[in-house]
Amino acid sequence: MADEIDADSSPDGNHHTGKVDAEAPDRGLRQFWQKVPPGLRTVLPLALLVSVVIVGFYNWVRPSRDDWSHLPDRLVCQMQSVTRPPPALVVDSVGVSHPRADVLRLVVHFAQPLPAAPSYQLTYRLANNGTPFAVLTQRPGSDDLAISNTRSDGSDIRTDLGTHARRTAPDTVEMTLNLPKFGIQKDFVSPTLAVSSQLDARGGEPMAYALQVCHG
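Residue numbering for the sequence shown follows my numbering, starting at 204 and increasing by one per position.
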């Protein structure tokens with residue numbers, strides 16, 4: 204008597220056994236989505252979009268490293284000689300902040316409103332960890348300052364949202380500097396500001412005053 208062959212073990216048996224339906228996950232996902240209430244179906248994509256925007260904004264404004272952990276709130280200024288400038292050219296305080304990733308902001312307050320241009324000349328030299336990286340000078344007939352990169356060829360830096368400087372009040376000059384533009388990317392941030400000044404005398408030689416050095 205011939206042995207009976209189990210249909211399940213035969214090559215010609217049920218050919219669907221052991222095979223996976225590739226469309227099953229897609230059908231399951233569609234069925235799940237169709238069971239979601241219409242209102243929730245609208246809210247979920249919006250919530251996901253908002254989450255992505257929030258995460259992206261946070262990554263933009265947060266410090267990319269811990270190089271800013273010891274950034275001071277202000278710099279202390281000292282005269283380097285006895286030729287003290289007039290009060291209008293004396294730096295009273297320098298505020299320091301870090302508004303967003305890799306951007307350094309300095310707010311220079313003078314003891315009195317600055318004299319009328321072009322009767323005075325102010326030059327701002329910036330260094331990080333003792334290494335000079337920028338020089339800022341007055342633009343004739345403008346409140347804006349020209350910014351030069353001293354770490355490369357001394358060429359002017361094009362101003363934009365992340366890098367600009369100007370007089371914002373009669374006694375205040377603000378500087379916003381995107382440090383990677385000056386080759387500062389992985390350095391510990393410890394700024395120093397040196398301010399040199401001179402007053403142009405009518406019919407005489409300009410009067411140069413003591414260098415003011417501000418550090419944290």
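Glycine included, C-beta positions come from ideal geometry on N, C-alpha and C.
Got a sec, what are the start and stop residues for the beta strand (DSSP E) Glu377 sits in? Looking at the DSSP string, the run of the beta strand (DSSP E) that includes Glu377 is Thr375 to Asn381.
Bridge partners - Gln415, DSSP secondary structure assignment: Looking at the DSSP assignment, Gln415 forms a beta bridge with Met282 and Val398.
Within the continuous beta strand (DSSP E) that includes His367, where are the two ends? First-last of the beta strand (DSSP E) with His367: His367 to Ala372.
Hey, out of Gln283, Arg233, His301 and Val253, whose CA is closest to Met378's CA? When each option's Cα is compared against that of Met378, the closest is His301.
For Leu309, the residue or residues it bridges with in DSSP: Listed as beta-bridge partners of Leu309 by DSSP are Val299 and Met378.
Assign Arg361 to one of three DSSP states: helix, strand, or coil. Looking at Arg361 - three-state DSSP - the assignment turns out to be coil, as it is neither helix nor strand.
Residue from Asp359, Asp363 and Ser322 whose Cα sits closest to the Cα of Pro409: Checked all of Asp359, Asp363 and Ser322; the closest Cα to Pro409 is Ser322.
Name the residue from Val258, Thr334, Ala314 and Leu325 whose alpha carbon lies nearest to the alpha carbon of His418. Closest option to His418, judged by alpha-carbon separation, among Val258, Thr334, Ala314 and Leu325: Thr334.
Are the segment 311-326 and the segment 386-404 touching, with three or more C-beta to C-beta distances below 8 Å? Judged by Cβ distances under 8 Å, the segment 311-326 makes contact with the segment 386-404, as three or more pairs qualify.
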